[in-house]
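Peer 1: Pasting a structure below so you can have a look.
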Amino acid sequence: MFKKLADKIFRKDTPKAASDGFFLNVRCSECQEKFHLFINKSWELMQDFGENGSVTYSLQKEIFGVGCSNRILVKMQFDSRKNLKSRKIENGEFIED
Ligand SMILES: [Zn+2]
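Residues in the sequence shown are numbered consecutively from 1068, following the working numbering.
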């Protein structure tokens, strides 16, 4: 019976877990190479603890191109529900699509 329940939970959670993220689409400002990275919110966000005990999340990502020495730096801030609040990028730009 326990196994059955575990299967049920696992199946139920699988699609949700897989979609708990977003694509980070950026372009290198040096060579215009495009990057499409999948960010998994469950794994890759860092917890930030506020003074009042609140928890927010942040992401810092360095992206290296294949053919150039440019290093793209992405910084994102999320609220306690992991909704994107703000984002910054250095040496590249965000692609909207
Ligand atoms: Zn580049």
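Built from N, CA and C at the ideal position, the CB exists for glycine as well.
What you are looking at is a predicted structure, and each value in this text was computed from that prediction instead of being measured.
Sort ASN1119, ASN1137, LEU1112, CYS1095 by Cα distance to ASN1150 and report the nearest one.
Peer 2: Looking at the Cα atoms, LEU1112 is the closest of the given residues.
Peer 1: How would you call PHE1145, buried or exposed, if buried means at least 16 neighbouring beta carbons within 10 angstroms?
Peer 2: Buried.
Peer 1: Ligand 1 heavy atoms versus the CB of PHE1097: any closer than 7 Å?
Peer 2: One detail in the question is off: residue 1097 reads as Glu in this sequence, not Phe. Answer for GLU1097: yes, Cβ within range of ligand 1.
Peer 1: Just tell me which of ASN1092, ASN1107, SER1109 has its CA closest to the CA of LYS1101.
Peer 2: Minimum Cα distance to LYS1101 is reached at ASN1092.
Peer 1: So the candidates are PHE1131, ARG1148, ARG1154; which of them puts its Cα closest to the Cα of GLU1097?
Peer 2: For the residues PHE1131, ARG1148, ARG1154, the minimum Cα distance to GLU1097 belongs to PHE1131.
Peer 1: Quick check on DSSP: helix, strand or coil for GLU1129?
Peer 2: In the structure shown, GLU1129 sits in a strand (DSSP, three-state: E or B).
Peer 1: Which class does LYS1101 belong to by DSSP, given the choice of helix, strand or coil?
Peer 2: In the structure shown, LYS1101 sits in a strand (DSSP, three-state: E or B).
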